[in-house]
Amino acid sequence: MKWVVLLWLVAFSECIVKIPLRRVKTMRKTLSGENMLNNVLKEHGNRMSKISFRGSNLTTLPLRNIRDLTYVGNITIGTPPQEFQVVFDTGSSDFWVPSDFCTSPQCIAHVRFRQHQSSTFRPTNKTFSITYGSGRMRGVVAHDTVQIGDLVSTDQPFGLSMSEYGFKGRAYDGILGLNYPDKSFSEAIPIFDKLKNEGAISEPVFAFYLSKKKLEGSVVMFGGVDHRYYKGELNWVPLIEEGDWTVHMDRISMKRNVVACSEGCEAAVDTGTSLIKGPRKLVNKIQKLIGAMPRGSKHYVYCSAVNTLPSIIFTINGINYPVSARDYILKDSRGRCYTAFKKQRFSSSTETWILGDAFLRVYFSVFDRGNGRIGLARAV
C-alpha cells in the first residue's frame, strides 16, 4: 500500500469531520490527559484563531492502532449499511473490500460485502487488479452508498475483490485509497474526489494523527485541521508534482553524518505503509550503523540498548525531522526489538524512500489537494 499552504483552518466551534483510526498498539498519553490537552489549546489559542477555516466542515473518524503496524477505521457500504474496517492509504487510490463471492482464504477470514442485501447496490462488468507490497487482489467495480463518519457518498464506485493473495496476517477488511485519481487501477473516481466535487468537503484537505502504543486515539480528519493534535507550526512541503503524495527530501543523517539521500531523493508520504522503506544498500548501511542484526525479514537490536541508539534525521525542504530510536524501534509479538527500516522490494532509477507510519507517528501530517502540498508538524 502506498501515499497545502492552508489559508484558513477550521474553527473548533465548527463541524470538522474526524475519523478515529484504531492502531494495533495506542493514542498518545499527552492527549489522554485533559490537563495536557488544555495546555496545548491554551498555548496555541491565538494562532488557531488567526488561521481557522471559516464555515468549514471537519469530519473526524477514529482509527484503531494495531500493534503500531496498521491503523484501521470503520466505514459502511450499502443500504442498510454493512460495516468494514479499512486502511486509509495515501499510497494508493482504489477503494475495495472483499466480495461475498470471494473464496480465497484471505477473504473468508474477513468481513465480506453481501451485495444482495443492499437495495442501493449497482453492479458493473469492469474488472481490475492491484499488486501491493503485501499482497495482490483481483476484483470487479460496483456502485453503492458509502459512509465515512458523517460523510456520505451515494452511488460511489468501489472494488469488490473476487480473489486475494498474500496480505499475511492482515488486520483489516479492505483498503480506502487517498492518492490522486490518476493512480487508480480501477479507473474509478476515488471517494475523496467524489465528495470534494460534490461539495461535501468544504476544503480539499485531509490529515492524520497516529498514536503510539495505544489502541485508541488515532484519527483521520477530512475538510480541515484540528490543531489539538500537533504543536508548533505546520511546515508546508510542495509535492514534486501534483498527482502523487511524493516530496523532495534533502538528506538522511545520523550523528551529523549523511547516511542516505546524499544528493537529494524522493520521499513518498504513505499512511498505508507501516515502516520506513528505502533502497537495499542504504537500508543495510543504516542497519549496520544502528548495530541491528538480521533475523528472518527483520533486523533486531537488544531492547536494553534502545536508549543508547542515535536519532535519525530526515531533512525535508530545509527542515530537520528527527526520529528517535524510541520511535524507529518496534517490538514483535515476542517482545523482541527490531528496526522500522526495511528494504524495498522494487528497485527504482532514482533514490526513493517511503515514509510510513513509523515516521508519521512522530509527525502530524496534512495532505492538501487544493495547493499540492503536505504539511508536517510535531505530533502531540
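Going by this note's numbering, the sequence shown opens with residue 662, and the numbers climb by one from there. Even glycine gets a Cβ: it sits at the ideal position worked out from N, Cα and C.
Check	Outcome
Contiguous beta strand (DSSP E) assignments of at least 3 residues, all confined to the region 953–1022	954–956, 959–962, 973–977, 980–984, 990–992, 998–1000, 1002–1004, 1013–1016
Nearest neighbour of Cys768, chosen from Leu821, Lys787, Lys916 [CA to CA]	Leu821
Straight-line Cα distance separating Lys916 from Phe819	47 angstroms
Met798 versus Ser824 - alpha carbon distance	6 angstroms
Reduced DSSP secondary structure (H/G/I, E/B, other) of Val886	coil
Per-residue burial, Thr721 [other beta carbons within 10 Å of its own, 16 or more giving buried]	buried
Same chain only: Cβ atoms within 8 angstroms of Asn699, ignoring 5 sequence neighbours per side	Confidence in Asn699 is poor, its pLDDT being 38 and thus under 50, which makes the residue's placement too unreliable to answer from.
Any alpha helix (DSSP H) of 4 or more consecutive residues that is wholly inside the region 723–784	766–769
Endpoints, beta strand (DSSP E) assigned at Leu1037	1034–1040
Per DSSP, the bridge partner or partners of Pro899	Arg1034
Buried or exposed (CB count within 10 angstroms, at least 16 for buried), Gly925	exposed
Distance between Met910 and Ser972 (C-alpha atoms, nearest Å)	17 angstroms
When Asp843, Asn840, Thr785, Asp729 are compared against Asp816, the one with the closest alpha-carbon	Thr785
Under the three-state DSSP convention, the category Leu876 falls into	coil
Reduced DSSP category for Asp843 - H, G, I as helix; E, B as strand; rest coil	helix
DSSP three-state assignment for Arg917, whether helix, strand or coil	coil
Under 8 angstroms between C-beta atoms of Gly827 and Ser795	yes
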